[in-house]
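In what follows, a single structure is set out as structure tokens and then discussed.
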Amino acid sequence: MINGFGVLFVAGMTAAKRFYGTMEIIGGALEGAVATYVGQNYAAANLGRI
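Numbering (this note's numbering), first residue to last: 136 to 185.
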């Protein structure tokens, strides 16, 4: 399917998928940290820190 486009295309797709996967992991970790931070401060009524 993708192999019909050539070696450089396949290499580029592989690099892009690995980069995207790494960014997705970092984004998920950041999302969890921000949700915890906001939730803790909201529950403690520290709305100025949100």
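Just so you know, even glycine gets a beta-carbon here, dropped at the ideal spot from N, CA and C. These figures come from a predicted structure and were not determined experimentally.
Element boundaries [alpha helix (DSSP H), containing residue i]
i    : result
R153 : V142 to A178
Beta-carbon proximity check, residue i vs residue j, cutoff 8 Å
i    : j    : result
I161 : V173 : no
Chain-order list of residues whose beta-carbon lies under 7 Å from that of residue i (same chain, five-residue window excluded)
i    : result
Y177 : I185
A180 : none
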